[in-house]
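One structure is given here, and the rest of the page talks about it.
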Amino acid sequence: MKNISKSPESIADRLRTIRRDLGMNQKEMSLHLGLGESTWQNYERELNIPGGEVLSKIAALGYNTDWIITGMGPIRGNMIREGSVQNNFDLKWVEKTFDEILSNKFPNSALPTSLKPFVQNHSVKIMKLATNPDEAIGMIKMIIDDFKF
16 MKNISKSPES
26 IADRLRTIRR
36 DLGMNQKEMS
46 LHLGLGESTW
56 QNYERELNIP
66 GGEVLSKIAA
76 LGYNTDWIIT
86 GMGPIRGNMI
96 REGSVQNNFD
106 LKWVEKTFDE
116 ILSNKFPNSA
126 LPTSLKPFVQ
136 NHSVKIMKLA
146 TNPDEAIGMI
156 KMIIDDFKF
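Per my numbering, residue 16 is the first one in the sequence shown, and the count goes up by one each step.
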């Protein structure tokens, strides 16, 4: 297929933005979505566009398919799952929530600054996997409960 669009705000540009927002390289993104690496590369090179199945997987990561396709609307979707808050969270929200949960678990002690890389590293992982705030909070609690401080 020849280049589909050369506009600066193309689907390829938006897919690249999502991948970078998740902190993944092309290979990691391909693996995460169950694609061959060259398939994702072709999306970013504007040699092909993702079908419904791939767009559904990206939407499950919390991204707005309308924005991916048209460039209109917010980058993050407005999905609401039963019993959850609106999917309006970002890395700073995850880090802040992580800090709050840690502080509640250890209320009488100051958290060591050495925990900052731990929180940042796990927050990035949570952002890659969680599709809503409730799921992120559950993951944070599980990580904290499993970690030996």
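Quick reminder that beta carbons are idealized off the backbone N, C-alpha and C, glycines included.
Beta-bridge partners of residue i, as assigned by DSSP
i	result
R91	Y78
First through last residue of the alpha helix (DSSP H) which encompasses residue i
i	result
L37	L37 -> no alpha helix (DSSP H), and no H or E assigned at all.
T54	52–59
Exposed unless 16 or more other CB atoms sit within 10 angstroms - verdict on residue i
i	result
N18	Confidence at N18 is low in this model, with a pLDDT of 42, below 50, so its placement is unreliable and no value can be given for it.
P65	buried
I26	buried
E61	buried
I33	buried
M142	buried
Best match in the options for proximity to residue i [C-alpha to C-alpha]
i	options	result
K107	T54, S138, S45	S138
N147	Q135, R31, A75	A75
D161	G86, L50, P89, L117	L117
D28	G49, L48, W55, G51	W55
| request: Tell me, please, whether the region 152–163 touches the region 107–119 by the rule of three or more beta-carbon pairs shorter than 8 Å. | output: yes
| field | Segment contact flag, the region 43–62 with the region 79–94, C-beta cutoff 8 Å, min 3 pairs | value | no
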